[in-house]
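Trainee: Provided herewith is a single structure, encoded as structure tokens, for subsequent inquiry.
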Amino acid sequence: MDTTTFEVTTGGEFACADLTPHIRDFARGRGDGLCHVFVPHATAGVTLLELGAGTEEDASAALAHLLPRDDRWIHRHGSQGHGADHLLPLVCGPSLT
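So that you can map any letter, position 9 of the sequence shown is 25 in the numbering used here, and since no number is skipped, the others follow by simple counting.
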């Protein structure tokens with residue numbers, strides 16, 4: 017089993033980051049198999065999404081609508097809306113295979 021690690025920075029708001037180049041580079045030349053992607057953080061998630069034609073912006077807007085960054089959340093340490101960050105894994109889990 018081969019493993020790699022890479023870092024993605026999104027800027028703190030709900031954002032989409034295209035992981036395709038990282039995964040493509042890792043998988044290149046390895047033949048058939050499975051690829052498992054894991055995000056080791058409590059306020060991040062990973063999902064499959066067709067990109068382009070505004071999809072990234074729509075996805076970010078949908079997450080902002082589902083999980084408003086205000087003070088409605090019981091989990092309130094940190095900045096305003098941080099409770100929504102901790103609920104993100106309910107919508108976008110921490111891993112995909």
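Note that beta-carbon positions come from the ideal geometry of N, C-alpha and C, so glycine has one too.
In terms of DSSP beta bridges, what is residue 50 paired with?
Mentor: DSSP lists no partner for residue 50.
Trainee: Does the Cβ-Cβ distance between residue 54 and residue 95 come in under 7 Å?
Mentor: Taking 7 Å as the Cβ cut-off, residue 54 and residue 95 do not qualify as a contacting pair.
Trainee: Quick one: what's got a C-beta closer than 6 Å to residue 38's C-beta in the same chain, skipping five residues either side?
Mentor: Here the set comprises 22.
Trainee: With the cut-off set at 7 Å, would you say residue 83 and residue 100 are in Cβ contact?
Mentor: In contact: residue 83 and residue 100 (Cβ atoms closer than 7 Å).
Trainee: Return yes when the Cβ of residue 20 is within less than 7 Å of the Cβ of residue 42, no when it is not.
Mentor: Yes, Cβ-Cβ distance for residue 42 and residue 20 is below 7 Å.
Trainee: Answer with buried or exposed for residue 79, where buried requires no fewer than 16 other C-beta atoms within 10 angstroms of its C-beta.
Mentor: Buried, by the Cβ-count rule.
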